[in-house]
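Numbering (UniProt numbering), first residue to last: 1 to 457. The C-beta atom is built at its ideal place from N, Cα and C for all residues, glycine as well. Have a look at the structure below before the remarks.
Pasting the structure below:
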(Lines of atoms letter the chains of each structure in order from A and count residues from 1; the text may use other names and numbers.)
(Lines give C-alpha, C1' and ligand atoms only; values in the text may rest on other atoms or scores of the structure.)
Protein backbone atom coordinates (compact mmCIF):
# COMPACT_ATOMS: atom_id res chain seq x y z
CA UNK A 1 0.00 0.00 0.00
CA UNK A 2 2.84 2.37 0.83
CA UNK A 3 4.51 1.59 -2.49
CA UNK A 4 1.33 2.43 -4.42
CA UNK A 5 0.98 5.75 -2.57
CA UNK A 6 4.58 6.70 -3.24
CA UNK A 7 4.17 5.73 -6.88
CA UNK A 8 1.10 7.94 -7.22
CA UNK A 9 2.92 10.89 -5.64
CA UNK A 10 5.85 10.45 -8.02
CA UNK A 11 3.71 10.94 -11.11
CA UNK A 12 4.05 14.19 -12.98
CA UNK A 13 1.18 16.63 -13.22
CA UNK A 14 0.49 15.60 -16.83
CA UNK A 15 0.57 11.90 -15.97
CA UNK A 16 -1.93 12.42 -13.16
CA UNK A 17 -4.19 14.28 -15.52
CA UNK A 18 -3.95 11.60 -18.19
CA UNK A 19 -4.64 8.80 -15.73
CA UNK A 20 -7.85 10.52 -14.58
CA UNK A 21 -9.63 9.99 -17.91
CA UNK A 22 -10.49 6.97 -20.01
CA UNK A 23 -9.71 7.92 -23.62
CA UNK A 24 -11.23 6.14 -26.58
CA UNK A 25 -9.07 3.98 -28.83
CA UNK A 26 -8.09 6.76 -31.24
CA UNK A 27 -8.79 9.80 -29.07
CA UNK A 28 -6.09 12.47 -29.05
CA UNK A 29 -5.33 13.18 -25.39
CA UNK A 30 -3.31 16.28 -24.52
CA UNK A 31 -2.76 18.24 -21.29
CA UNK A 32 -5.07 21.21 -20.56
CA UNK A 33 -2.68 23.91 -21.80
CA UNK A 34 -2.26 22.12 -25.11
CA UNK A 35 -5.99 21.45 -25.35
CA UNK A 36 -6.48 25.22 -24.98
CA UNK A 37 -4.20 25.82 -28.00
CA UNK A 38 -5.97 23.11 -29.97
CA UNK A 39 -9.27 24.86 -29.33
CA UNK A 40 -7.84 28.11 -30.67
CA UNK A 41 -6.84 26.44 -33.95
CA UNK A 42 -10.33 24.98 -34.27
CA UNK A 43 -11.92 28.41 -33.68
CA UNK A 44 -10.19 29.80 -36.76
CA UNK A 45 -10.99 26.74 -38.89
CA UNK A 46 -14.65 27.05 -37.96
CA UNK A 47 -14.60 30.74 -38.83
CA UNK A 48 -12.98 29.90 -42.18
CA UNK A 49 -15.73 27.37 -42.91
CA UNK A 50 -18.52 29.74 -41.80
CA UNK A 51 -19.53 27.54 -38.87
CA UNK A 52 -20.89 29.54 -35.90
CA UNK A 53 -18.70 29.58 -32.80
CA UNK A 54 -17.81 32.08 -30.10
CA UNK A 55 -14.13 31.64 -29.30
CA UNK A 56 -13.98 34.42 -26.71
CA UNK A 57 -13.46 32.01 -23.81
CA UNK A 58 -10.26 30.55 -25.31
CA UNK A 59 -8.86 33.95 -26.30
CA UNK A 60 -9.79 35.90 -23.19
CA UNK A 61 -6.15 36.07 -21.99
CA UNK A 62 -4.64 37.02 -25.34
CA UNK A 63 -2.60 40.24 -25.36
CA UNK A 64 -4.29 42.43 -27.97
CA UNK A 65 -2.15 44.39 -30.39
CA UNK A 66 -2.84 46.42 -33.48
CA UNK A 67 -3.73 44.26 -36.48
CA UNK A 68 -1.22 46.27 -38.51
CA UNK A 69 1.58 44.61 -36.54
CA UNK A 70 0.48 41.25 -37.92
CA UNK A 71 0.41 42.56 -41.47
CA UNK A 72 3.92 44.00 -41.16
CA UNK A 73 5.65 41.36 -39.09
CA UNK A 74 4.06 37.94 -38.90
CA UNK A 75 4.12 36.52 -42.39
CA UNK A 76 6.04 38.82 -44.75
CA UNK A 77 4.46 37.07 -47.68
CA UNK A 78 5.42 38.47 -51.05
CA UNK A 79 2.92 38.86 -53.84
CA UNK A 80 4.56 35.97 -55.67
CA UNK A 81 3.71 33.59 -52.81
CA UNK A 82 0.01 33.87 -53.56
CA UNK A 83 0.14 32.70 -57.17
CA UNK A 84 -2.65 33.02 -59.67
CA UNK A 85 -5.62 30.86 -58.80
CA UNK A 86 -8.50 29.54 -60.85
CA UNK A 87 -11.48 27.61 -59.60
CA UNK A 88 -12.24 24.30 -61.29
CA UNK A 89 -15.45 22.36 -61.63
CA UNK A 90 -14.61 20.35 -58.50
CA UNK A 91 -13.70 23.36 -56.42
CA UNK A 92 -9.93 22.76 -56.64
CA UNK A 93 -7.64 25.59 -57.69
CA UNK A 94 -4.50 25.68 -59.79
CA UNK A 95 -1.60 28.01 -59.08
CA UNK A 96 1.94 28.75 -60.07
CA UNK A 97 4.37 26.74 -57.97
CA UNK A 98 5.48 28.44 -54.77
CA UNK A 99 8.46 27.76 -52.55
CA UNK A 100 7.57 26.81 -49.01
CA UNK A 101 10.09 28.54 -46.77
CA UNK A 102 9.86 26.89 -43.39
CA UNK A 103 12.53 27.81 -40.90
CA UNK A 104 11.57 27.28 -37.26
CA UNK A 105 15.06 27.96 -35.92
CA UNK A 106 13.92 31.21 -34.32
CA UNK A 107 10.89 29.71 -32.61
CA UNK A 108 10.41 30.13 -28.91
CA UNK A 109 10.93 27.24 -26.56
CA UNK A 110 7.87 28.47 -24.68
CA UNK A 111 5.18 27.67 -27.20
CA UNK A 112 2.21 27.70 -24.88
CA UNK A 113 3.22 31.15 -23.60
CA UNK A 114 3.35 32.49 -27.14
CA UNK A 115 0.09 30.80 -28.07
CA UNK A 116 -1.52 32.88 -25.33
CA UNK A 117 0.24 36.03 -26.63
CA UNK A 118 -0.66 35.99 -30.31
CA UNK A 119 -0.15 39.14 -32.35
CA UNK A 120 -3.66 38.65 -33.74
CA UNK A 121 -6.56 40.09 -31.73
CA UNK A 122 -9.52 37.74 -31.69
CA UNK A 123 -12.76 39.04 -33.17
CA UNK A 124 -15.73 36.68 -33.20
CA UNK A 125 -16.46 35.48 -36.73
CA UNK A 126 -13.31 36.93 -38.30
CA UNK A 127 -11.16 34.72 -40.52
CA UNK A 128 -7.54 34.66 -39.38
CA UNK A 129 -5.24 36.96 -41.45
CA UNK A 130 -3.02 34.00 -42.40
CA UNK A 131 -6.01 32.28 -44.02
CA UNK A 132 -6.93 35.53 -45.76
CA UNK A 133 -3.42 36.09 -47.11
CA UNK A 134 -3.42 32.58 -48.57
CA UNK A 135 -6.84 33.35 -50.06
CA UNK A 136 -8.25 30.10 -48.71
CA UNK A 137 -11.78 29.40 -49.86
CA UNK A 138 -14.25 27.85 -47.40
CA UNK A 139 -15.52 25.11 -49.72
CA UNK A 140 -12.24 23.88 -51.19
CA UNK A 141 -10.29 24.10 -47.89
CA UNK A 142 -13.05 22.19 -46.07
CA UNK A 143 -13.13 19.50 -48.75
CA UNK A 144 -9.34 19.12 -48.83
CA UNK A 145 -8.96 19.00 -45.04
CA UNK A 146 -11.50 16.23 -44.50
CA UNK A 147 -10.57 14.16 -47.56
CA UNK A 148 -6.88 14.24 -46.62
CA UNK A 149 -7.41 12.79 -43.13
CA UNK A 150 -8.30 9.23 -44.10
CA UNK A 151 -7.70 7.27 -40.84
CA UNK A 152 -6.06 10.15 -38.96
CA UNK A 153 -8.23 11.88 -36.32
CA UNK A 154 -8.66 15.60 -37.10
CA UNK A 155 -7.17 16.62 -33.75
CA UNK A 156 -4.06 14.53 -34.48
CA UNK A 157 -3.19 16.43 -37.65
CA UNK A 158 -3.65 19.79 -35.93
CA UNK A 159 -1.48 18.70 -33.00
CA UNK A 160 1.24 17.80 -35.53
CA UNK A 161 1.26 21.38 -36.81
CA UNK A 162 1.16 22.83 -33.29
CA UNK A 163 4.13 20.69 -32.22
CA UNK A 164 6.07 21.60 -35.36
CA UNK A 165 5.73 25.27 -34.44
CA UNK A 166 6.24 24.72 -30.71
CA UNK A 167 2.63 25.66 -29.98
CA UNK A 168 3.12 29.21 -31.27
CA UNK A 169 -0.35 30.15 -32.51
CA UNK A 170 0.35 32.54 -35.40
CA UNK A 171 3.25 30.45 -36.71
CA UNK A 172 1.10 27.33 -36.56
CA UNK A 173 -1.71 29.01 -38.47
CA UNK A 174 0.78 30.32 -41.03
CA UNK A 175 2.12 26.81 -41.58
CA UNK A 176 -1.37 25.27 -41.70
CA UNK A 177 -2.61 27.93 -44.16
CA UNK A 178 0.34 27.27 -46.48
CA UNK A 179 -0.25 23.52 -46.33
CA UNK A 180 -3.97 23.80 -47.12
CA UNK A 181 -3.17 26.22 -49.95
CA UNK A 182 -0.58 23.79 -51.34
CA UNK A 183 -3.05 20.93 -51.28
CA UNK A 184 -5.78 23.03 -52.91
CA UNK A 185 -3.59 24.54 -55.63
CA UNK A 186 -1.38 21.63 -56.69
CA UNK A 187 -1.52 20.86 -60.38
CA UNK A 188 -2.15 17.27 -59.34
CA UNK A 189 -4.78 16.07 -56.90
CA UNK A 190 -3.06 14.41 -53.92
CA UNK A 191 -6.25 12.59 -52.90
CA UNK A 192 -6.62 11.46 -56.49
CA UNK A 193 -3.07 10.08 -56.46
CA UNK A 194 -3.66 7.86 -53.41
CA UNK A 195 -7.17 6.82 -54.46
CA UNK A 196 -6.15 6.00 -58.03
CA UNK A 197 -2.97 4.26 -56.92
CA UNK A 198 -0.84 2.16 -59.22
CA UNK A 199 -3.78 1.18 -61.42
CA UNK A 200 -4.53 4.80 -62.37
CA UNK A 201 -0.86 5.50 -63.09
CA UNK A 202 -0.80 2.61 -65.58
CA UNK A 203 -4.20 3.50 -67.05
CA UNK A 204 -3.19 7.14 -67.54
CA UNK A 205 0.21 6.13 -68.92
CA UNK A 206 2.23 8.16 -66.41
CA UNK A 207 5.43 6.52 -67.59
CA UNK A 208 7.87 7.95 -65.06
CA UNK A 209 5.72 6.97 -62.08
CA UNK A 210 5.06 3.50 -63.51
CA UNK A 211 8.79 2.94 -63.99
CA UNK A 212 9.53 3.92 -60.39
CA UNK A 213 6.80 1.58 -59.14
CA UNK A 214 8.18 -1.31 -61.20
CA UNK A 215 11.74 -0.62 -60.01
CA UNK A 216 10.47 -0.58 -56.40
CA UNK A 217 12.62 2.47 -55.85
CA UNK A 218 10.79 3.19 -52.60
CA UNK A 219 8.70 0.56 -50.85
CA UNK A 220 7.15 0.10 -47.42
CA UNK A 221 8.97 -2.87 -45.93
CA UNK A 222 9.39 -3.85 -42.29
CA UNK A 223 9.05 -1.75 -39.16
CA UNK A 224 11.28 -0.42 -36.41
CA UNK A 225 11.37 -1.50 -32.77
CA UNK A 226 8.53 0.90 -31.97
CA UNK A 227 6.32 -0.65 -34.64
CA UNK A 228 6.66 2.26 -37.06
CA UNK A 229 6.61 1.28 -40.77
CA UNK A 230 9.82 1.75 -42.73
CA UNK A 231 10.04 3.20 -46.24
CA UNK A 232 12.99 1.51 -47.93
CA UNK A 233 14.53 3.80 -50.57
CA UNK A 234 17.12 2.53 -53.07
CA UNK A 235 18.87 5.48 -54.76
CA UNK A 236 21.04 3.14 -56.82
CA UNK A 237 18.13 2.57 -59.23
CA UNK A 238 17.41 6.29 -59.63
CA UNK A 239 18.36 8.22 -62.74
CA UNK A 240 16.96 11.70 -63.30
CA UNK A 241 16.32 10.98 -66.99
CA UNK A 242 13.84 8.19 -66.13
CA UNK A 243 11.07 10.62 -65.17
CA UNK A 244 10.06 14.25 -65.17
CA UNK A 245 10.18 16.33 -61.99
CA UNK A 246 6.36 16.24 -61.77
CA UNK A 247 6.30 12.45 -62.17
CA UNK A 248 8.86 12.05 -59.39
CA UNK A 249 6.79 14.26 -57.09
CA UNK A 250 3.66 12.24 -57.86
CA UNK A 251 5.54 9.03 -57.08
CA UNK A 252 6.89 10.45 -53.81
CA UNK A 253 3.40 11.56 -52.74
CA UNK A 254 1.96 8.15 -53.61
CA UNK A 255 4.55 6.43 -51.39
CA UNK A 256 4.10 8.91 -48.52
CA UNK A 257 0.31 8.67 -48.61
CA UNK A 258 0.42 4.87 -48.79
CA UNK A 259 2.76 4.80 -45.78
CA UNK A 260 0.23 6.90 -43.82
CA UNK A 261 -2.32 4.12 -44.25
CA UNK A 262 -0.01 1.84 -42.26
CA UNK A 263 -0.15 4.22 -39.29
CA UNK A 264 -2.68 3.94 -36.48
CA UNK A 265 -2.75 7.43 -34.96
CA UNK A 266 -2.64 8.79 -32.38
CA UNK A 267 -0.60 5.84 -31.02
CA UNK A 268 1.38 4.90 -34.14
CA UNK A 269 1.81 8.21 -35.93
CA UNK A 270 5.24 8.19 -37.57
CA UNK A 271 7.08 6.30 -40.29
CA UNK A 272 10.81 5.79 -40.73
CA UNK A 273 12.89 6.01 -43.89
CA UNK A 274 15.85 3.78 -44.71
CA UNK A 275 18.02 5.20 -47.48
CA UNK A 276 20.08 2.22 -48.60
CA UNK A 277 23.10 3.67 -50.37
CA UNK A 278 24.46 0.27 -51.41
CA UNK A 279 25.79 0.67 -54.96
CA UNK A 280 25.21 4.42 -54.95
CA UNK A 281 27.22 6.49 -57.45
CA UNK A 282 27.26 10.14 -58.52
CA UNK A 283 25.10 9.24 -61.53
CA UNK A 284 22.29 8.43 -59.08
CA UNK A 285 22.46 11.79 -57.30
CA UNK A 286 19.57 14.16 -57.90
CA UNK A 287 19.07 17.14 -55.60
CA UNK A 288 15.55 17.95 -56.84
CA UNK A 289 13.73 15.01 -55.21
CA UNK A 290 15.79 15.46 -52.04
CA UNK A 291 14.58 19.05 -51.74
CA UNK A 292 11.01 17.98 -52.44
CA UNK A 293 11.09 15.29 -49.75
CA UNK A 294 12.56 17.70 -47.21
CA UNK A 295 9.81 20.22 -47.98
CA UNK A 296 7.14 17.53 -47.71
CA UNK A 297 8.17 16.28 -44.28
CA UNK A 298 8.90 19.74 -42.88
CA UNK A 299 5.96 21.69 -44.31
CA UNK A 300 3.19 19.24 -45.23
CA UNK A 301 3.66 16.10 -43.12
CA UNK A 302 5.04 17.59 -39.88
CA UNK A 303 5.96 15.31 -36.99
CA UNK A 304 5.42 12.30 -39.29
CA UNK A 305 9.04 11.18 -39.53
CA UNK A 306 10.50 8.76 -37.01
CA UNK A 307 14.13 8.00 -37.82
CA UNK A 308 15.78 8.56 -41.18
CA UNK A 309 18.58 6.04 -41.68
CA UNK A 310 21.39 6.67 -44.16
CA UNK A 311 22.83 3.21 -44.60
CA UNK A 312 26.20 2.25 -46.08
CA UNK A 313 27.04 5.74 -47.31
CA UNK A 314 30.12 5.63 -49.60
CA UNK A 315 32.87 8.21 -49.34
CA UNK A 316 31.48 10.12 -52.33
CA UNK A 317 28.36 10.88 -50.28
CA UNK A 318 30.26 13.08 -47.81
CA UNK A 319 30.33 16.29 -49.93
CA UNK A 320 26.69 15.68 -50.92
CA UNK A 321 25.74 15.42 -47.26
CA UNK A 322 27.56 18.67 -46.49
CA UNK A 323 25.17 20.40 -48.91
CA UNK A 324 21.97 18.58 -47.94
CA UNK A 325 22.33 18.99 -44.17
CA UNK A 326 22.16 22.78 -44.56
CA UNK A 327 18.64 22.46 -45.97
CA UNK A 328 17.33 20.53 -42.99
CA UNK A 329 15.19 21.77 -40.15
CA UNK A 330 17.05 21.04 -36.86
CA UNK A 331 14.27 18.71 -35.71
CA UNK A 332 14.50 16.64 -38.91
CA UNK A 333 18.30 16.69 -38.76
CA UNK A 334 18.19 15.27 -35.23
CA UNK A 335 16.35 12.19 -36.51
CA UNK A 336 19.02 11.19 -39.03
CA UNK A 337 21.12 8.15 -38.18
CA UNK A 338 24.10 6.89 -40.15
CA UNK A 339 24.49 3.11 -40.12
CA UNK A 340 27.11 0.91 -41.74
CA UNK A 341 26.05 -2.69 -41.12
CA UNK A 342 23.26 -4.93 -39.90
CA UNK A 343 24.45 -4.76 -36.29
CA UNK A 344 23.99 -1.00 -36.26
CA UNK A 345 20.58 -1.29 -37.94
CA UNK A 346 19.61 -3.87 -35.32
CA UNK A 347 19.68 -1.18 -32.66
CA UNK A 348 16.55 0.21 -34.29
CA UNK A 349 14.98 -2.75 -36.11
CA UNK A 350 14.61 -6.43 -35.33
CA UNK A 351 16.52 -8.77 -37.66
CA UNK A 352 13.28 -10.11 -39.13
CA UNK A 353 12.35 -6.55 -40.16
CA UNK A 354 15.66 -5.89 -41.95
CA UNK A 355 15.79 -6.97 -45.62
CA UNK A 356 17.64 -10.20 -46.24
CA UNK A 357 20.04 -8.55 -48.70
CA UNK A 358 21.12 -6.16 -45.92
CA UNK A 359 21.86 -8.95 -43.48
CA UNK A 360 18.42 -9.43 -41.92
CA UNK A 361 15.83 -12.13 -42.52
CA UNK A 362 13.00 -10.12 -44.16
CA UNK A 363 12.42 -11.65 -47.57
CA UNK A 364 11.75 -9.18 -50.39
CA UNK A 365 11.52 -9.78 -54.11
CA UNK A 366 13.07 -6.62 -55.49
CA UNK A 367 13.69 -8.10 -58.93
CA UNK A 368 10.05 -8.61 -59.90
CA UNK A 369 7.01 -6.47 -59.22
CA UNK A 370 3.45 -7.64 -59.76
CA UNK A 371 1.60 -4.52 -60.85
CA UNK A 372 -2.03 -4.36 -59.66
CA UNK A 373 -4.35 -4.60 -62.67
CA UNK A 374 -7.60 -3.42 -61.13
CA UNK A 375 -9.10 -6.89 -60.83
CA UNK A 376 -9.39 -6.44 -57.05
CA UNK A 377 -11.31 -3.18 -57.38
CA UNK A 378 -14.82 -4.60 -57.71
CA UNK A 379 -16.13 -2.40 -54.88
CA UNK A 380 -15.18 0.77 -56.76
CA UNK A 381 -18.14 0.00 -59.04
CA UNK A 382 -20.59 -0.06 -56.12
CA UNK A 383 -21.40 3.64 -56.23
CA UNK A 384 -24.62 3.21 -54.23
CA UNK A 385 -22.75 2.00 -51.14
CA UNK A 386 -20.04 4.60 -51.68
CA UNK A 387 -22.56 7.42 -51.86
CA UNK A 388 -24.39 6.16 -48.77
CA UNK A 389 -21.13 6.13 -46.80
CA UNK A 390 -20.19 9.60 -48.08
CA UNK A 391 -23.53 11.00 -46.92
CA UNK A 392 -23.02 9.35 -43.53
CA UNK A 393 -19.51 10.82 -43.39
CA UNK A 394 -20.72 14.35 -44.07
CA UNK A 395 -23.40 14.03 -41.38
CA UNK A 396 -20.79 12.84 -38.89
CA UNK A 397 -18.43 15.68 -39.78
CA UNK A 398 -21.15 18.30 -39.37
CA UNK A 399 -22.16 16.85 -35.99
CA UNK A 400 -18.48 16.72 -34.96
CA UNK A 401 -18.05 20.39 -35.86
CA UNK A 402 -21.13 21.34 -33.82
CA UNK A 403 -19.71 19.45 -30.85
CA UNK A 404 -16.36 21.14 -31.47
CA UNK A 405 -18.03 24.55 -31.20
CA UNK A 406 -19.73 23.42 -27.97
CA UNK A 407 -16.40 22.11 -26.63
CA UNK A 408 -14.76 25.47 -27.39
CA UNK A 409 -17.56 27.47 -25.76
CA UNK A 410 -17.73 25.33 -22.59
CA UNK A 411 -15.74 26.62 -19.64
CA UNK A 412 -13.25 23.94 -18.45
CA UNK A 413 -13.99 25.11 -14.91
CA UNK A 414 -17.30 23.28 -15.28
CA UNK A 415 -15.42 20.00 -15.38
CA UNK A 416 -18.41 17.67 -15.52
CA UNK A 417 -19.98 19.43 -18.48
CA UNK A 418 -16.64 19.96 -20.25
CA UNK A 419 -15.68 16.29 -19.92
CA UNK A 420 -19.10 15.22 -21.20
CA UNK A 421 -18.83 17.46 -24.29
CA UNK A 422 -15.23 16.38 -24.91
CA UNK A 423 -16.15 12.69 -24.71
CA UNK A 424 -19.12 13.06 -27.07
CA UNK A 425 -16.85 14.88 -29.52
CA UNK A 426 -14.23 12.13 -29.24
CA UNK A 427 -16.87 9.50 -29.99
CA UNK A 428 -17.82 11.36 -33.16
CA UNK A 429 -14.16 11.61 -34.18
CA UNK A 430 -13.86 7.85 -33.80
CA UNK A 431 -17.01 7.33 -35.86
CA UNK A 432 -15.50 9.46 -38.63
CA UNK A 433 -12.38 7.25 -38.57
CA UNK A 434 -14.50 4.10 -38.71
CA UNK A 435 -16.51 5.57 -41.55
CA UNK A 436 -13.32 5.97 -43.58
CA UNK A 437 -12.32 2.39 -42.85
CA UNK A 438 -15.68 1.26 -44.27
CA UNK A 439 -15.44 3.72 -47.18
CA UNK A 440 -11.84 2.99 -48.19
CA UNK A 441 -12.42 0.01 -50.57
CA UNK A 442 -15.19 1.96 -52.34
CA UNK A 443 -12.98 4.97 -53.18
CA UNK A 444 -9.36 3.69 -53.23
CA UNK A 445 -7.92 1.26 -55.75
CA UNK A 446 -6.26 -1.75 -54.13
CA UNK A 447 -2.49 -1.35 -53.98
CA UNK A 448 0.04 -4.15 -54.05
CA UNK A 449 0.20 -3.88 -50.25
CA UNK A 450 -3.56 -4.47 -49.98
CA UNK A 451 -3.45 -7.40 -52.40
CA UNK A 452 -0.55 -9.08 -50.58
CA UNK A 453 -2.34 -8.63 -47.25
CA UNK A 454 0.36 -6.36 -45.82
CA UNK A 455 -1.97 -3.35 -45.49
CA UNK A 456 -5.20 -3.56 -43.54
CA UNK A 457 -6.79 -0.15 -43.09
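Open item on the list: Applying the 10 Å Cβ sphere with the 16-neighbour rule, what's the burial state of residue 408?
Closed with: buried
- [ ] Have a look at residue 49 and residue 423 and give me their C-alpha separation to the nearest angstrom.
- [x] 23 angstroms
Open item on the list: So for residue 311, helix, strand or coil by DSSP?
Closed with: strand
Open item on the list: Within a Cβ cutoff of 6 angstroms, which residues of the same chain sit near residue 441, ignoring the five residues on either side of it in sequence?
Closed with: 379
Open item on the list: Less than 8 angstroms between the beta carbons of residue 169 and residue 40, yes or no?
Closed with: yes
- [ ] With DSSP collapsed to three states, give me the class of residue 188.
- [x] coil
TODO: Using three-state DSSP, classify residue 197 as helix, strand or coil.
DONE: helix
TODO: Express the C-alpha separation of residue 397 and residue 420 in angstroms, rounding to a whole number.
DONE: 19 angstroms
Task: Runs of beta strand (DSSP E) lying entirely within the segment 332-412, each at least 3 residues, in chain order - done: 336-339
Task: Residues sharing a beta bridge with residue 272, DSSP - done: 230
Task: Of the residues 388, 432 and 416, the one placed nearest residue 399, counting alpha carbons only - done: 432
Task: Beta-bridge pairing of residue 264 - partner residues as DSSP gives them - done: 268
- [ ] Evaluate the contact criterion for the segment 216-224 versus the segment 351-367: three or more CB pairs, one atom per stretch, below 8 angstroms.
- [x] yes
TODO: Keeping to the same chain, check which residues put their C-beta closer than 6 angstroms to that of residue 254; ignore five residues upstream and five downstream.
DONE: 193
Task: Proximity to residue 313 [Cα-Cα], best of 334, 276 and 293 - done: 276
Task: C-alpha distance - residue 448 paired with residue 236, whole-angstrom precision - done: 22 angstroms
- [ ] Report yes if the CB atom of residue 332 is closer than 8 angstroms to the CB atom of residue 292, and no otherwise.
- [x] no
Task: Nearest-angstrom Cβ-Cβ length linking residue 224 and residue 231, presumed shorter than 8 angstroms - done: Residue 224 to residue 231, Cβ: 11 angstroms. No contact.
Task: Rounded separation between residue 356 and residue 234 - CA only - done: 14 angstroms
Task: Reference residue 299; option with closest CA among 161, 376 and 326 - done: 161
Open item on the list: Restricting to Cα atoms, I'd like to know which of 153, 56 and 45 is closest to residue 436.
Closed with: 153
TODO: Would you check if the segment 180-197 and the segment 315-323 touch, i.e. whether three or more CB-CB distances between them fall below 8 angstroms?
DONE: no
TODO: Could you tell me whether the Cβ atoms of residue 271 and residue 263 are closer together than 8 angstroms?
DONE: yes
Task: For residue 224, the three-state DSSP class (helix, strand or coil) - done: coil
Open item on the list: Do residue 428 and residue 46 count as a contact pair if the criterion is CB distance below 8 angstroms?
Closed with: no
Task: Alpha carbon of residue 141 to alpha carbon of residue 178, nearest angstrom - done: 11 angstroms
Task: CA nearest to the CA of residue 310, picked from 323, 284, 278 and 289 - done: 278
- [ ] Please name the residue or residues paired with residue 218 in a DSSP beta bridge.
- [x] 233
Task: Range of the contiguous alpha helix (DSSP H) that encloses residue 53 - done: Here residue 53 belongs to no alpha helix (DSSP H), and DSSP marks it neither H nor E.
Task: Host alpha helix (DSSP H) of residue 419 (start-end) - done: 415-443
TODO: Please classify residue 450: is it buried, with 16 or more other beta-carbons within 10 angstroms of its beta-carbon, or exposed?
DONE: buried
TODO: State the start and end residues of the unbroken alpha helix (DSSP H) segment that holds residue 324.
DONE: 317-324
- [ ] Quick one: give me the first and last residue of the alpha helix (DSSP H) that residue 295 is part of.
- [x] 287-295
Open item on the list: If I follow the unbroken alpha helix (DSSP H) through residue 329, where does it start and stop?
Closed with: Taken as a continuous stretch (DSSP letters only), residue 329 belongs to no alpha helix (DSSP H), as it is neither H nor E.
Task: Nearest candidate by alpha-carbon position, reference residue 250, set 348, 240, 201 and 283 - done: 201
- [ ] Quickly, what does DSSP pair residue 277 with across the bridge? List them, please.
- [x] Looking at the DSSP assignment, residue 277 forms no beta bridge with any residue, so it has no partner.
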